[in-house]
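K.L.:
Under the working numbering, residues 30 to 476 are what the sequence shown spells out, in order. For every residue, glycine included, the Cβ atom is placed at its ideal position computed from N, Cα and C. Fair warning: this is a prediction, and the values are worked out from it, not measured in the lab. Provided herewith is a single structure, encoded as structure tokens, for subsequent inquiry.
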Amino acid sequence: MKNHAMPLVAIVGRPNVGKSTIFNRIIGDRQAIVSDIAGTTRDRLITETEWANKRFLLVDTGGLESTDPTTSPTAQILDKVQSQVEVAIEDADVIIFATDADTGITPDDAEVAQKLRVSGNKVVLAVNKADNIQREADTSEFYKLGLGDPIPISAYHNHGVDDLMMSVVERLPSNDLNNQIESDVRLSIVGRANVGKSQLLNALTGDNRSIVSDIPGTTRDAIDSSIRHKDKSILLIDTAGIRRRGRIEPGIENYSVIRSIRAVERSEVSLLVLDATELATSQDSHVASYLLQAYRGIVIVVNKWDLSKDLGISKDDAKKIIRQRMKFLHFVPIQFTSALNKAGLDSMLNTVFKVHLQWNQELPRYDLRRTILNAVADHPPASNPRHGLKLYGVTQDRFGPPGFTFYVNRSDLVHFSYRRYLENTLRKTYGFDGTPLKMRFKGRGEH
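Encoded structure:
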């Protein structure tokens, strides 16, 4: 089962109406990021989820809000609202407009509604914090916004969320792949601002299809280009730079973050571009977290390597630094390029093909089962007399990206260290270079 581009649902609204609570309620606690590895983000800006057997990307635009100390609080709120709406109208398939039953309609709500009315039927109006009979009755006031029937909910108490999501699902488009350009590999170019993504795209395509500038954030839109390498076609998806949360400027910068993440979702493999003069920064780790969440194949590209002599650094030194700072990408190959001199491109693309092959790898059923059961026999999970983890079998239920379901007696007994042991077993046996693995543990009676 392959993973293709999905519809996108964005939650918009002014601050403090409960957008993040709605987001968490929709995805469910089971999808929260849990990691013991320093450098991985625990915040979810965007995630793939499912409701009524329909899969979609859910975006919490509240995660994009920035604070400029030089701007008045009122202006900050207006900027945040404006940017959220711009993001949603431009790129979302369905918009959840979150409001607050406790405060009623505010001037900011009215301003948002005025902008959203142009987007037509794709808006679902959620009146949050309707956690008693009186507040639920008061939601009738929100008809004044002209966005159809307001849906009273209490995300905190999980009241009305089913009604809200059924309305969302009714508006979701089908996953129409007819307009998708045919290619052997869909490759996105990703990285924080000003690491040379556009210059790398130009080096690959041989022209100036994308704007190149020293000003961070110059590239605003994803630009598709087709190239051929070793008789294979590659669809290149350029993306605007992703900046760390809290440093994203209102308006068009927010728009480019969503556009970048969506470009990653359209791709199969992503080039994570780093700057040789800085190597792996905390912002690079943040960008990498988006790729892990999307389960795309990953190749780390150290660009501007023509400066290495002046920097006095070798490839081995650079790899060591990157591995130390980004331990959670230990399975990802590292390539070195100079987009300026068009150096290292062939090696980089050859690595992309190898990762793409691993990302699409489908394992023989009985060989997989034997490998995992042998690993369990060699290193049984820790147990005590009353409660012990038992593993009965495993299946690969998807590829592109590879996904595995492990059948156990109780999923809550799976310790992260044992999960990592099983993942390492899969990688040692089958490779999966540059490929994040989806691993699900299903206990008896669990769906």
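Considering just the uninterrupted stretch of the beta strand (DSSP E) at Arg-469, what are its terminal residues?
P.N.:
Unbroken beta strand (DSSP E) run through Arg-469: 467-471.
K.L.:
Between the beta-carbon of Arg-325 and the beta-carbon of Val-298, is there less than 8 Å?
P.N.:
Yes, the pair counts as a contact, with Cβ atoms nearer than the cut-off.
K.L.:
Can you tell me whether Ser-203 is helix, strand or coil according to DSSP?
P.N.:
Coil at Ser-203, not helix or strand.
K.L.:
When DSSP labels each residue in this structure, what does Lys-261 get in the three-state scheme?
P.N.:
It is a strand residue.
K.L.:
Enumerate, from N- to C-terminal direction, the unbroken alpha helix (DSSP H) stretches of 4 or more residues contained entirely within the region 331-417.
P.N.:
You should have 337-340, 344-354, 374-388, 394-407.
K.L.:
What is the rounded straight-line gap between the Cα of Phe-52 and the Cα of Asp-345?
P.N.:
Going from the Cα of Phe-52 to the Cα of Asp-345 covers about 42 Å.
K.L.:
Are Leu-265 and Thr-234 close, meaning C-beta to C-beta below 8 Å?
P.N.:
Cβ distance < 8 Å, so Leu-265 and Thr-234 count as in contact.
K.L.:
Do the region 401-421 and the region 336-354 make contact, defined as three or more Cβ pairs closer than 8 Å?
P.N.:
No, because fewer than three Cβ pairs between the region 401-421 and the region 336-354 fall closer than 8 Å, the two stretches do not touch.
K.L.:
With distances taken Cα to Cα, identify the nearest neighbour of Leu-145 among Ile-118, Thr-434, Leu-386.
P.N.:
Considering only alpha carbons, the answer is Ile-118.
K.L.:
If I'm right that Ile-40 touches Thr-90 with Cβ under 8 Å, what's the distance once you round it to whole angstroms?
P.N.:
Yes, Ile-40 and Thr-90 are in contact; Cβ-Cβ is about 6 Å, under 8 Å.
K.L.:
Considering just the uninterrupted stretch of the alpha helix (DSSP H) at Thr-26, what are its terminal residues?
P.N.:
What is shown of the chain runs 30 to 476, which leaves residue 26 out entirely.
K.L.:
CB-CB under 6 Å to Ala-184, same chain, minus the five flanking residues each way: which ones, in chain order?
P.N.:
Excluding sequence neighbours, Ala-184 sits near Gly-47, Thr-50, Ile-51, Arg-54, Asn-157.
K.L.:
Measuring alpha carbon to alpha carbon, tell me which of Met-194, Tyr-319, Glu-307 ends up nearest Ile-75.
P.N.:
Checked all of Met-194, Tyr-319, Glu-307; the closest Cα to Ile-75 is Tyr-319.
K.L.:
Using DSSP bridges, identify the partner residues of Phe-85.
P.N.:
Bridge partners of Phe-85: Thr-78.
K.L.:
Which residues in the same chain have their Cβ closer than 8 Å to the Cβ of Val-38, if we skip the five residues on either side of it in sequence?
P.N.:
Answer for Val-38: Phe-85, Leu-86, Leu-87, Val-88, Ala-121, Asp-122, Val-123, Ile-124, Ile-125, Val-197, Leu-201, listed in chain order.
K.L.:
Which same chain residues end up closer than 6 Å to Val-302 when comparing Cβ atoms and leaving out the 5 residues on each side of it in sequence?
P.N.:
The residues are Gly-220, Val-224, Lys-226, Val-330, Asn-332.
K.L.:
Taking the alpha carbon of Glu-165 as the point to measure from, which residue in Ile-218, His-188, Gly-177, Leu-336 has its own alpha carbon closest?
P.N.:
Among Ile-218, His-188, Gly-177, Leu-336, the Cα nearest to that of Glu-165 belongs to His-188.
K.L.:
Applying the 10 Å Cβ sphere with the 16-neighbour rule, what's the burial state of Val-190?
P.N.:
Its Cβ being crowded by 16 or more others within 10 Å, Val-190 is buried.
K.L.:
Who are the near neighbours of His-385 in its chain, counting only those whose CB is closer than 7 Å to its CB and skipping five residues on each side?
P.N.:
Result list for His-385: Val-214, Glu-297, Val-298, Gly-326, in chain order.
K.L.:
Rounded to whole angstroms, what's the CA-CA distance from Gln-14 to Ala-347? Just pull it up for me.
P.N.:
Absent from the model: residue 14. The displayed extent of the chain is 30 to 476, so no value can be given.
K.L.:
Starting from the Cα of Leu-230, find the closest Cα among Asp-396, Gly-177, Leu-374 and give me that residue.
P.N.:
The option with the nearest alpha carbon to Leu-230 is Leu-374.
K.L.:
Between the beta-carbon of Lys-419 and the beta-carbon of Ser-440, is there less than 8 Å?
P.N.:
No, these two residues do not count as a Cβ contact at 8 Å.
K.L.:
Would a C-beta distance cut-off of 8 Å place Pro-181 and Leu-154 closer than the cut-off?
P.N.:
No, Cβ-Cβ distance for Pro-181 and Leu-154 is not below 8 Å.
K.L.:
The beta strand (DSSP E) spanning Thr-424 covers which residue range?
P.N.:
Start and end: 420-427.
K.L.:
Less than 8 Å between the beta carbons of Gly-432 and Lys-467, yes or no?
P.N.:
Yes, the pair counts as a contact, with Cβ atoms nearer than the cut-off.
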